[in-house]
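So the sequence shown is residues 3 to 293, counted in my numbering.
Ideal Cβ placement from N, Cα and C applies to all residues, glycine included.
Single-structure report; data block below.
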Amino acid sequence: MPGAIGIAGAGRVAQTLGLLLRRCGEPVAAVASRSPARAQAAAAFIGAPAAVTYSELPEHCPRVLIAVSDDAIPTVVASMLESPRLPQAVLHTSGVHGSGILEPLVARGVSCAALHPLQTIASPDQGVSALPGSTFAITGEGAAAGWAMEVAALLNGPVIRVPAESRALYHAAAVMASNYSVALMDAALQLLRLASRDADDAGLLRAIKPLVNASVENALESGPLRALTGPVERGDAGAVRLHINALAEAPESIRRLYCAAGLHALDMSKRKGLAEADATAIAESLTGGNL
Numbered sequence: 003m004p005g006a007i008g009i010a011g012a013g014r015v016a017q018t019l020g021l022l023l024r025r026c027g028e029p030v031a032a033v034a035s036r037s038p039a040r041a042q043a044a045a046a047f048i049g050a051p052a053a054v055t056y057s058e059l060p061e062h063c064p065r066v067l068i069a070v071s072d073d074a075i076p077t078v079v080a081s082m083l084e085s086p087r088l089p090q091a092v093l094h095t096s097g098v099h100g101s102g103i104l105e106p107l108v109a110r111g112v113s114c115a116a117l118h119p120l121q122t123i124a125s126p127d128q129g130v131s132a133l134p135g136s137t138f139a140i141t142g143e144g145a146a147a148g149w150a151m152e153v154a155a156l157l158n159g160p161v162i163r164v165p166a167e168s169r170a171l172y173h174a175a176a177v178m179a180s181n182y183s184v185a186l187m188d189a190a191l192q193l194l195r196l197a198s199r200d201a202d203d204a205g206l207l208r209a210i211k212p213l214v215n216a217s218v219e220n221a222l223e224s225g226p227l228r229a230l231t232g233p234v235e236r237g238d239a240g241a242v243r244l245h246i247n248a249l250a251e252a253p254e255s256i257r258r259l260y261c262a263a264g265l266h267a268l269d270m271s272k273r274k275g276l277a278e279a280d281a282t283a284i285a286e287s288l289t290g291g292n293l
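Spelled out as structure tokens, the structure:
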């Protein structure tokens, strides 16, 4: 789909996609944000010639990529509807929403779709390095979906098509793979700090890095079921009870996290053939006997 591209948003994802598209030869012409200063900074990072308001963006660009927080999308849409000229196609990068959140634009004849990069972007510089080759989840049909496919192809990204009604389930999976993995590592770090009485987080992170890397690599290479090891998988109910007792001095959120993750590991272990008696003993420890 031809035509200049406008980026609605000035955050990490907006800057990452804007710069990558421009590097691929796409005509990124303008950046918009609620904050003029942020719009100008993002435009400078991307190399876009103009920093404008949301309502001005369609006047400059027939294609608009909305990369703002989920709650801000309706505000961006309402602002663009104030423009005397509407865009031809609009994409948003929300993981949890389909194109339905853009319905006011659809009702005015604008082709709309969702394009979510299945990648964590901690900063624009990191995102520019990490995003190429990542998978993109696309929801929608028509010209906008075609443009979304073009964006994925430009960035060498595989595509998965996600029906609108499944976006929340898809996004929950992404959150567990990314955000909750980070939460698990933070919990492990806190427990190591308690166990070693060592406040050197950098040293403790170095200590668990080989373990984390090997576990993730094994799960991705062989599948989570084959990669699972540890006391739950072995049926070592005694070790699990000792863990539960020791966690009395840990924050409540970590105790609950240990038990919740343990119960899922138990389900996996049963699928691997764990004896019923061992599974029952471990379940009693993880649930406090409330089976």
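Does T77 pass the burial test, meaning 16 or more other C-beta atoms within 10 Å, or should it be called exposed? As a first step, residue 77 must be located in the sequence shown, where it is residue number 75. Exposed, because fewer than 16 other Cβ atoms sit within 10 Å of the Cβ of T77.
Label I7 either buried or exposed according to how many other C-beta atoms from any shown protein chain fall within 10 Å of its C-beta, with 16 as the threshold for buried. Numbered from 1 along the sequence shown, position 5 holds the residue referred to as residue 7. Counting the other Cβ atoms within 10 Å of the Cβ of I7 gives 16 or more, which makes it buried.
CA-CA distance, V33 and S81? Taking the sequence shown and counting its residues from 1, one reaches residue 33 at position 31. Taking the sequence shown and counting its residues from 1, one reaches residue 81 at position 79. V33 and S81: Cα-Cα distance of roughly 14 angstroms.
With DSSP collapsed to three states, give me the class of L314. The question about residue 314 has no answer, for the chain in this structure spans 3 to 293.
Could you round the C-beta distance between L117 and T137 to whole angstroms and report it? I think they count as a contact, below 8 angstroms. One-based indexing of the sequence shown puts residue 117 at position 115. One-based indexing of the sequence shown puts residue 137 at position 135. About 11 angstroms; that fails the 8 angstroms criterion.
Starting from the C-beta of R273, find all residues in its chain whose C-beta is less than 7 angstroms away, skip the five residues before and the five after it, and write them out in chain order. Position 271 of the sequence shown holds residue 273. Residues of the same chain with a CB within less than 7 angstroms of the CB of R273, apart from the 5 flanking positions on each side, are L227 in chain order.
Stretch-stretch touch, CB-based, cutoff 8 angstroms, three pairs: the region 153-164 with the region 183-190: With a cut-off of 8 angstroms, the region 183-190 and the region 153-164 do not count as touching, because too few Cβ pairs lie within range.
The alpha helix (DSSP H) spanning T299 covers which residue range? Residue 299 is absent from the structure shown; the chain starts at 3 and stops at 293.
Going by the beta-carbon positions, is the gap between V130 and L21 smaller than 7 angstroms? Translated into positions along the sequence shown, residue 130 becomes position 128. Translated into positions along the sequence shown, residue 21 becomes position 19. Yes; because the gap between Cβ atoms is below 7 angstroms, this pair is in contact.
Using the DSSP secondary-structure output, state which residues sit across from P119 in a beta bridge. Looking up residue 119 in the sequence shown gives position 117. BP columns for P119 point to F138.
Just to confirm before moving on: does the CB-CB distance between P126 and Q17 stay below 7 angstroms? Taking the first residue of the sequence shown as position 1, residue 126 is located at position 124. Taking the first residue of the sequence shown as position 1, residue 17 is located at position 15. In this structure, Q17 lies closer than 7 angstroms to P126 by Cβ.
Given a threshold of 16 other Cβ atoms within 10 Å of its Cβ, counted over all protein chains shown, does R169 qualify as buried or as exposed? Here residue 169 refers to the residue found at position 167 of the sequence shown. By the neighbour-count definition (other C-beta atoms within 10 Å, threshold 16), R169 is a buried residue.
Measuring straight from C-alpha to C-alpha, what distance separates P119 and A279? Translated into the one-based positions of the sequence shown, residue 119 becomes position 117. Translated into the one-based positions of the sequence shown, residue 279 becomes position 277. Taking the straight line joining both Cα atoms gives about 44 angstroms.
Distance check for L249 and Q192, CA to CA, integer angstroms please. Counting from one through the sequence shown, the residue named residue 192 turns up at place 190. Counting from one through the sequence shown, the residue named residue 249 turns up at place 247. In a straight line, the C-alpha of Q192 is about 11 angstroms away from that of L249.
So which of I75, G27, T282 and G13 has the shortest CA-CA distance to P38? Here residue 38 refers to the residue found at position 36 of the sequence shown. Per the C-alpha coordinates, the member of I75, G27, T282 and G13 positioned closest to P38 is G13.
If you run the structure through DSSP and keep just helix, strand and coil, what is A10? To locate residue 10, count along the sequence shown from 1; it is residue 8. Note: A10 maps to strand in three-state DSSP.
To the nearest angstrom, how far is it from the Cα of R258 to the Cα of L83? The sequence position of residue 258 within the sequence shown is 256, counting from 1. The sequence position of residue 83 within the sequence shown is 81, counting from 1. Rounded to the nearest angstrom, the two C-alpha atoms are 46 angstroms apart.
Roughly how many whole angstroms lie between the Cα atoms of R65 and A209? The residue given as residue 65 occupies position 63 in the sequence shown. The residue given as residue 209 occupies position 207 in the sequence shown. Their backbone Cα atoms lie some 48 angstroms apart in a straight line.
Tell me, which residues are paired with S113 by DSSP? Translated into positions along the sequence shown, residue 113 becomes position 111. S113 pairs with A91.
In three-state DSSP terms, what is R24? Mapped onto the sequence shown, residue 24 falls at position 22. DSSP places R24 in helix when its eight states are reduced to three.
Take V214 as the anchor and find which of D203, A190 and V234 has the nearest alpha-carbon. What you label residue 214 is simply residue 212 of the sequence shown in a count that begins at 1. The closest CA to that of V214, considering only D203, A190 and V234, is found on A190.
If you run the structure through DSSP and keep just helix, strand and coil, what is A31? Walking along the sequence shown from the start, residue 31 turns up at place 29. Of the three classes helix, strand and coil, the one that applies to A31 here is strand, per DSSP.
In chain order, which alpha helix (DSSP H) runs of at least 4 residues are fully inside the region 156-230? For the region 156-230, whole alpha helix (DSSP H) runs of length 4 or above, ordered along the chain, are 169-179, 181-198, 203-224 and 226-229.
Residue closest to L222, alpha-carbon to alpha-carbon, out of R236, R110, A201 and A179: One-based indexing of the sequence shown puts residue 222 at position 220. In terms of Cα proximity to L222, the closest of R236, R110, A201 and A179 is A179.
Residues near L194 in its chain [Cβ-Cβ closer than 8 angstroms; skip 5 each side]: Working through the sequence shown from its first residue, we reach residue 194 at position 192. Counting only Cβ-Cβ distances below 8 angstroms, and skipping sequence neighbours, we find D200, L206, A209 and I210.
Test item: CB-CB of P87 and P106 under 7 angstroms: Position 85 of the sequence shown, counted from the first residue, corresponds to residue 87. Position 104 of the sequence shown, counted from the first residue, corresponds to residue 106. The amino acid at residue 87 is misidentified as Pro; the sequence shows Arg. No, the Cβ-Cβ distance between R87 and P106 is not below 7 angstroms.
Quick one: give me the first and last residue of the beta strand (DSSP E) that R65 is part of. Your numbering for residue 65 matches position 63 in the sequence shown. Note, R65: beta strand (DSSP E), R65 to I68.
Rounded to the nearest angstrom, what separates V79 and C63 at their Cα positions? Indexing the sequence shown from 1 puts residue 79 at position 77. Indexing the sequence shown from 1 puts residue 63 at position 61. So the alpha carbons of these two residues sit roughly 14 angstroms apart.
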